[in-house]
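Quick note on this note's numbering: the sequence shown kicks off at 126 and runs consecutively. Think of the CB as a built atom: it goes at the ideal place given N, C-alpha and C, for glycine as much as any other residue. The structure appears below as structure tokens.
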Amino acid sequence: MKTVTVRQPGPSAADVGLAGRRATCLLLARLGMVAAATVAAWLIMRAVDGTATFPSSPMLASLSLIPVNIASLLLVSRLLRSEGSNLRSLFAPGRSVLRDAGWGLLWIAVLYIPFVLAVMATMWVLHGSGMFDAFATVFYDPDAATISSPAWSLILGILAVVTFAPLNAPAEEAVYRGYAQSRLSASWSPWPAMLVCSLAFGAQHAFFAPTTDAMVVYVVAFTVWGLGSALIVRAQGRLLPITIAHLLVNLMTSSPAVVFPVLVLTGVVQY
């Protein structure tokens with residue numbers, strides 16, 4: 126008896142187009158929420174300290190992202206459920222989680238090379254031979270909103286560390302590389318999709334830049350980081366390794382919010 130294989134129909138052009146439009150709206154929603162959250166954090170600190178400039182300190186900016194990251198994960202989860210999938214499947218591991226963690230460590234080293242080169246190249250374009258002297262003023266704003274009490278800084282710093290990395294890494298990867306990149310790749314083609322998602326990822330970080338020049342550097346450098354991450358996700362076919370890399374980087378960048386107040390409270394550093 127001859128066996129007849131029945132092929133399951135793929136997604137229709139209308140479904141692909143709808144997913145692409147949803148992906149575009151998701152990117153815009155994420156950017157809008159980040160903008161609203163950082164401005165709200167600054168306005169609150171402005172009410173407390175009338176001289177506080179925008180944006181707030183990195184620690185306060187990290188705290189402002191808590192509702193944004195939760196909302197982003199809920200949005201992606203809802204979109205996936207409408208397609209018959211779920212958030213857990215988005216972060217499904219490969220052969221083992223330990224293997225993916227190893228890949229994540231490797232991707233940190235790989236991504237930091239073009240990231241640092243992008244920072245240096247942009248600083249050179251902006252400041253020429255004086256780029257190294259400009260680092261002190263481009264990436265530091267003495268009037269940024271901060272918490273004056275070391276004890277409160279420590280409490281909020283701990284809150285930032287334990288919430289920022291575990292939420293921010295999966296939220297950003299779910300939005301930019303997990304959902305938007307794959308849906309836009311199906312609707313357009315891979316390279317335009319990866320470029321648009323990476324540009325959105327870079328644009329998001331402009332809201333955390335302490336100066337105007339830093340905004341340019343942040344957008345360029347994080348767009349380069351996003352494009353590298355997009356290529357890795359496309360090559361590996363899964364999201365977990367790059368999410369682990371992202372989480373570890375977020376832990377490293379947010380840990381000073383705890384370390385510095387501890388050094389102040391123990392008298393090692395004068396506040």
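Could you pull the start and end residues of the alpha helix (DSSP H) that residue i belongs to?
i	result
S379	365 to 379
R302	From DSSP, R302 is part of no alpha helix (DSSP H); its letter is neither H nor E.
S323	315 to 329
T337	337 to 361
T149	138 to 173
Out of curiosity, what's the CA-to-CA distance linking residue i and residue j?
i	j	result
Q133	D140	Only weak support exists for where Q133 lies, its pLDDT of 44 falling under 50; the coordinates are left without a value.
M319	F347	13 angstroms
V129	G142	Because V129 carries a pLDDT of 42, less than 50, the predicted location of this residue cannot be relied on, and the following value inherits that uncertainty. Taking the straight line joining both Cα atoms gives about 32 angstroms.
L153	I357	23 angstroms
A138	A148	15 angstroms
L223	I369	10 angstroms
W78	Q329	Because the chain spans 126 through 396 in this model, residue 78 falls outside it and cannot be assessed.
A360	P275	45 angstroms
A161	W167	10 angstroms
R308	V201	12 angstroms
V349	L372	18 angstroms
P267	A261	11 angstroms
Y301	L231	21 angstroms
V344	P335	13 angstroms
M377	L292	15 angstroms
V131	S221	Below a pLDDT of 50, predicted positions are generally treated as unreliable, and V131, at 40, falls in that range; the measurement from the model is reported next regardless. Approximately 33 angstroms between the Cα atoms of the pair.
G105	M170	Examination of residue 105 is not possible in this model, given that the chain is present from 126 through 396 alone.
K127	L212	A caution first: K127 carries a pLDDT of 46, below 50, which makes its placement in the model too unreliable to give a value.
W228	P366	6 angstroms
D338	V159	20 angstroms
V342	M245	9 angstroms
I191	P381	18 angstroms
S354	L236	8 angstroms
Y304	A165	27 angstroms
G351	S189	22 angstroms
G145	R155	15 angstroms
Going by DSSP, name the residue or residues bridged to residue i.
i	result
T262	Partner(s): none; T262 has no beta bridge.
Hey, does residue i have any beta-carbon neighbour from chain B nearer than 7 angstroms?
i	result
V383	Included in the structure is just one protein chain, with no chain B present.
- Spell out a yes or no on whether the stretch 174 to 188 and the stretch 251 to 260 are touching, meaning 3 or more CB-CB pairs, one atom from each, closer than 8 angstroms. no
- Three-pair Cβ contact test at 8 angstroms for the stretch 322 to 332 versus the stretch 233 to 251: no
- Query: Hey, which unbroken runs of the alpha helix (DSSP H) at 4 residues or more fall wholly within the stretch 194 to 269?
  - Reply: 212 to 215, 222 to 252, 256 to 263
- Query: How about the stretch 329 to 346 and the stretch 309 to 317: do they share at least three Cβ pairs that are nearer than 8 angstroms?
  - Reply: no
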